[in-house]
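Worksheet for the structure shown next.
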Amino acid sequence: MEKPVGIIMGSQSDWPTMREAAAILDELGVGYEARIVSAHRTPDRLWDYGKTAVARGLKVIIAGAGGAAHLPGMMASKTRVPVIGVPVQTRALSGVDSLYSILQMPRGYPVATMAIGAAGAANAGLMAAGILAVSDPDLAARLEAWRQALSDSIPQEPQDD
Numbered sequence: 001m002e003k004p005v006g007i008i009m010g011s012q013s014d015w016p017t018m019r020e021a022a023a024i025l026d027e028l029g030v031g032y033e034a035r036i037v038s039a040h041r042t043p044d045r046l047w048d049y050g051k052t053a054v055a056r057g058l059k060v061i062i063a064g065a066g067g068a069a070h071l072p073g074m075m076a077s078k079t080r081v082p083v084i085g086v087p088v089q090t091r092a093l094s095g096v097d098s099l100y101s102i103l104q105m106p107r108g109y110p111v112a113t114m115a116i117g118a119a120g121a122a123n124a125g126l127m128a129a130g131i132l133a134v135s136d137p138d139l140a141a142r143l144e145a146w147r148q149a150l151s152d153s154i155p156q157e158p159q160d161d
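What follows is the structure, encoded as structure tokens:
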């Protein structure tokens with residue numbers, strides 16, 4: 001299976017959040033690879049991942065990080081592949097620090113930034129699928145069907161418990 005999406009995170013503890021992006025991609029039949037790539041603890045791995053992304057066929061990278069959250073921005077500086085940042089919720093500041101770190105990228109290195117936590121990771125999976133669907137009619141149809149199913153799951157009238 002082709003793997004056009006890279007899901008990267010700063011540590012193993014980020015996987016419960018980033019798994020939400022993987023679950024959406026699984027639902028939509030989009031291949032991905034998941035890797036631990038720390039901006040601070042494995043900088044050589046980060047450089048290599050970014051520099052080889054295009055040659056390896058990646059078309060979108062979803063990067064989740066907590067705390068200082070340098071991973072998405074550093075990845076954006078190493079590749080032309082679009083990067084979607086997911087701020088991972090932290091205990092110290094509930095992920096607000098991560099959100100600000102990812103949002104405040106300097107001109108020239110954009111990172112599409114999602115909401116904090118699991119909802120943001122799921123939306124990152126949907127955003128990645130949407131980017132790929134621009135040039136993949138089959139994926140576009142699956143994404144439209146997914147959205148229709150979501151709409152259909154919402155009742156028109158309130159239900160008694």
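134 is the number that UniProt numbering gives to position 134 of the sequence shown; each next residue is one higher, with no gaps.
For every residue, glycine included, the Cβ atom is placed at its ideal position computed from N, Cα and C.
On the premise that Ala68 lies in contact with Ser101, defined as a C-beta separation below 8 Å, what is that separation, rounded to the nearest angstrom?
About 6 Å separates the two Cβ atoms, so the contact holds.
Taking the alpha-carbon positions, what's the Leu139 to Lys59 distance?
Leu139 and Lys59: Cα-Cα distance of roughly 14 Å.
Pick from Gly73, Arg80 and Ala122: whose alpha carbon is nearest that of Leu99?
Nearest option by C-alpha distance: Gly73.
What does the alpha-carbon distance come out to for the pair Leu93 and Ala65?
Each residue's alpha carbon lies about 13 Å from the other.
Alpha carbon to alpha carbon, how far is Asp160 from Val83? Give it in angstroms, no decimals.
If I take the Cα positions, the gap works out to 43 Å.
How should Ala119 be labelled, buried or exposed, when 16 other C-beta atoms within 10 angstroms of its C-beta is the threshold for buried?
With fewer than 16 Cβ atoms within 10 Å of its Cβ, Ala119 is classed as exposed.
Can you list the alpha helix (DSSP H) stretches of 4 or more residues lying completely in the stretch 44-98, in chain order?
Runs of the alpha helix (DSSP H) inside the stretch 44-98: 71-78.
Tell whether a beta-carbon distance below 8 Å holds between Pro110 and Ala76.
For Pro110 and Ala76, yes; Cβs fall inside 8 Å.
Run through the DSSP bridge pairs and tell me what Ala34 is partnered with.
Ile7, per the DSSP bridge assignment.
Straight-line CA distance for Glu2 to Arg56?
Each residue's alpha carbon lies about 10 Å from the other.
Measure the C-alpha to C-alpha separation of Ser13 and Thr90 and round it to an integer number of angstroms.
Rounded to whole angstroms, Ser13 to Thr90 spans 10 Å at the Cα level.
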